[in-house]
Structure formats: C-alpha cells, structure tokens
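Working notes, structure below.
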Amino acid sequence: MDQYAVFGNPIAHSKSPDIHLHFAEQTQQNITYIRILGDDVQFENQVHAFFQQGGHGLNVTAPFKERAFAMCDVLSSRAQKAGAVNTLLMGKNGDLFGDTTDGVGMVRDIIETHQQSLKDKRILIIGAGGAVQGILDNVLAEQPSSVTITNRTVEKAQALAEKFGCFSSSFGALEGAFDLIINGTSASRSSSLPPLKDELANEHTWCYDMTYGKGTTVFLQWAIDHGATGADGLGMLVGQAAESFYIWRQVRPDMTSLLNKMRAELEC
Ligand code: ATR
C-alpha cells in the first residue's frame, strides 16, 4: 500500500484522511492516509523521515505551508507565486516537489459545483493572509474585469495587490456593489465579520466564504441579509484534496457524492 499523510498542528480535526480514503475507494487505489501532528521544531526532520521510510506523498496544513515550501527542490509555478505548498511528492530522483491546490480547488468549486463564472466579473477579496495569497493566481487566471483586495491591515492588501497586479483598498474606501465577493479572512472561523459597507452587496452579488461550518457562516448571513446568494468553502476543502489526489495518483476522483455526504454530516 502506498503511504500518504497530512501534517499540521493541530491536526486531530483534519478531515483529509476521510476524504482521501473515500477517493481511494471510489477510484480503487490502494493507499493508506494518516494524520501526523507536526512539531514546531522538528517539522522538517519529520517530513524527511516520512519519505525516507517509504512515504509517497504529503498534505501540509497550518502552520507549516510556508516551511514546506522552503523545503522543496522543485515547485509548480502556482506554488512559487503563492509562497506556500499544501501538497508534497517525492520524485524518483529524490527531489521533493511542492504544489498548492487550494486555489484550483476553490475556483473549480465556484465554477463547477456552483456554476458561477469569474470571467469579466468585478471581484472583491477580503483578507490578505496566506489563504488569500494561495488563491489569487487562480482567480486572476479566470480573467475577471477587476480584483480588489481589502484587509484590516491595509498595507498587507497593498503588498499582495502589487505582487499580483490587482487593486487594494481599505474597508471604508470601497464603493458600489461587487459581482463576486470572496471572504478569505480567518474572522469567519471565530464568527466575526469584517466591517463591510451595506452598498458592497445586492441581489446580483454572489458570495463565497473560504470557511465552512455547521449552518450559515456569519459572512454568508451578511450576504443573505443584503439580498445576495453564495456558498461556503466545504467544496474548496474537497476540491483541493481532489487535486492533491490527482497529483499523486493521476486519477481524478468525483467530488459530488463525498460533498453531499459531508454536507449531510455537518448538518446533523
Ligand atoms: P490564513 O492562513 O488563514 O490566511 P493569516 O495569514 O493569519 O491566516 O491571515 C488571516 C487574515 O484574516 C488576515 O487578512 C487578517 O487581517 P490582518 O492582516 O489585518 O490581521 C484577517 N482577519 C483575522 N481576523 C480578522 C477580523 N476579526 N476582522 C477582519 N479581518 C480579520
């Protein structure tokens, strides 16, 4: 059996083993997939040990994505731009390859699952941390008419906007309704809402929260209260996993049945 694992800290909550084992069963791949608690000091040694002991591939989650990036011998171009990786693969020549699948997972979820186009859309992205940096390249590849990044610490939004060639703004200076708003702050995870003006969303706006949870997230509730519609990031979680699975196994799993199952479990 080929061995895979996910590193993070904390890690006990990670749904990655369930997702990948579901994909493996569906596509008849013979794999094992476990959670490993990453150590703040020993992370790099833990990764080396995993591969030396015959491991095939790894997922990496918070707070190790940047450290995993720094370990790689070869990086995909999207990982180079994101400055972080969530997928590692050991090449036959011993080179460690790193990729980031968060952005492709999110964009595929928006387009395929939710049937929303990003092309020619006026897009607002809230947040300027690692999560947003990881999706910008994929969002821009869909050729929106404009992408504006807004963030509590406006300097971080400015730096990202400069790096990726888009706009930045403080919350207060934003004007008019957007076609699509993506919430990439960690605020949703603690059920707090950034200070968004009422005029930013209306019945033509579609909103995506990169976070997910039981019930409606605070950001999606804000969207609904302003007449907008949208979706949370459960499909992004499954989508990034599907892309990692593809990188490792060269087989693309179907996401729909798993998404339905996970949604039903969440609402229980
Ligand atoms: P992640 O890896 O999840 O992106 P991060 O790199 O720490 O985590 O970034 C968190 C993002 O959420 C940042 O954009 C942060 O804003 P600051 O740059 O001003 O810190 C944003 N964020 C976190 N809590 C927030 C809150 N209560 N209101 C608004 N933005 C918040």
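Under the numbering used here, the first residue of the sequence shown is numbered 1102, with each subsequent residue one higher. Glycine residues also receive a C-beta, built at the ideal position from the N, C-alpha and C atoms.
Quiz item: Taking just the CA atoms, how far does N1194 sit from V1255?
Solution: Residue mapping note: residue 1255 aligns to position 154 of the sequence shown, counting from 1. Residue mapping note: residue 1194 aligns to position 93 of the sequence shown, counting from 1. Taking the straight line joining both Cα atoms gives about 44 angstroms.
Self-check item: As assigned by DSSP and simplified to three states, the class of L1241
Solution: Locating residue 1241 in the sequence shown gives position 140, counting from the first residue. Helix.
Practice problem: Using only the heavy atoms of the ligand ATR, determine whether one of them is closer than 6 angstroms to the beta carbon of P1245. | Solution: Indexing the sequence shown from 1 puts residue 1245 at position 144. False, no ligand heavy atom lies under 6 angstroms from that Cβ.
Self-check item: Neighbour-count burial assignment, R1353, 16 or more Cβ in a 10 Å radius
Solution: Counting from one through the sequence shown, the residue named residue 1353 turns up at place 252. With fewer than 16 other Cβ atoms within 10 Å, it is exposed.
Exercise. Could you check which residue in E1263, M1356, L1261 has the C-alpha nearest to that of H1215?
Key: One-based indexing of the sequence shown puts residue 1215 at position 114. It is M1356 whose Cα lies nearest to the Cα of H1215.
Self-check item: Distance cut 7 angstroms, beta-carbon to the ligand ATR heavy atom: residue list by chain order
Solution: A1163, G1228, A1229, G1230, G1231, A1232, V1233, N1252, R1253, T1254, K1257, G1285, T1286, S1287, A1288, S1291, S1293, P1295
Self-check item: Segment contact flag, the stretch 1213-1230 with the stretch 1181-1191, C-beta cutoff 8 angstroms, min 3 pairs
Solution: no
Exercise. Pick out whichever of A1125, G1199, V1233, L1197 has its Cα sitting closest to the Cα of T1078.
Key: With the chain running from 1102 to 1369 in the structure shown, residue 1078 is simply not present.
Exercise. Just the C-alpha distance for D1333 and T1162, rounded to the nearest angstrom, thanks.
Key: Locating residue 1333 in the sequence shown gives position 232, where the first residue counts as 1. Locating residue 1162 in the sequence shown gives position 61, where the first residue counts as 1. A straight-line Cα-Cα distance of about 19 angstroms links D1333 and T1162.
Practice problem: Could you spell out the range, first to last residue, of the beta strand (DSSP E) harbouring V1161? | Solution: Here the question's residue 1161 lines up with position 60 in the sequence shown. For V1161, the enclosing beta strand (DSSP E) has its first and last residue at 1158-1161.
Self-check item: Alpha-carbon spacing of A1343 relative to F1170, whole angstroms
Solution: By 1-based counting over the sequence shown, the position of residue 1343 is 242. By 1-based counting over the sequence shown, the position of residue 1170 is 69. Using only the alpha carbons, I get a separation of about 20 angstroms.
Quiz item: Going along the chain, which residues of its own chain have a beta-carbon closer than 8 angstroms to the beta-carbon of A1260, five neighbours each way excluded?
Solution: Position 159 of the sequence shown, counted from the first residue, corresponds to residue 1260. Here the set comprises A1229.
Exercise. Please work out which residues of its chain come closer than 6 angstroms, Cβ to Cβ, to Y1134, disregarding the five sequence neighbours upstream and downstream, and give them in chain order.
Key: Taking the sequence shown and counting its residues from 1, the one referred to as residue 1134 is at position 33. Contacts found: Y1105, P1118, H1121, L1122.
Practice problem: Quick one: residues in its chain with C-beta nearer than 7 angstroms to the C-beta of S1115, no 5 flanking neighbours on either side, listed in chain order? | Solution: Working through the sequence shown from its first residue, we reach residue 1115 at position 14. The answer, listed in chain order, is V1107, G1109, R1136, T1162.
Practice problem: Excluding the 5 residues preceding and the 5 following Q1217 in the sequence, name in chain order all residues of the same chain whose CB lies nearer than 6 angstroms to its CB. | Solution: Locating residue 1217 in the sequence shown gives position 116, where the first residue counts as 1. Around Q1217: I1211, W1307.
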